[in-house]
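Quick notes on the structure that follows.
In this note's numbering, the protein residues as written are 134 to 201.
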């Protein structure tokens, strides 16, 4: 019988690597869901449409008296 190297274990007739501990945190699907919620919430509230200041129309100024 073969000796099992460290970090491996025997499964039936072959040797497999031991499972690694899973990273604790947000998965890719969770991040995609959060981004999707932010986008949808922005559509409801109008996140992309910021208030733009109204441009005032310029009024002509009188520089010289009009000649009759």
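Even for Gly, the Cβ is constructed at its ideal location relative to N, Cα and C.
Opening and closing residue of the beta strand (DSSP E) in which residue i lies
{"i": "residue 144", "result": "141 to 144"}
{"i": "residue 150", "result": "147 to 150"}
Endpoints, alpha helix (DSSP H) assigned at residue i
{"i": "residue 163", "result": "161 to 178"}
Beta-carbon proximity of residue i to residue j, cut-off 8 Å
{"i": "residue 149", "j": "residue 142", "result": "yes"}
{"i": "residue 140", "j": "residue 151", "result": "yes"}
Residue of the options minimising C-alpha distance to residue i
{"i": "residue 147", "options": "155, 136 and 156", "result": "136"}
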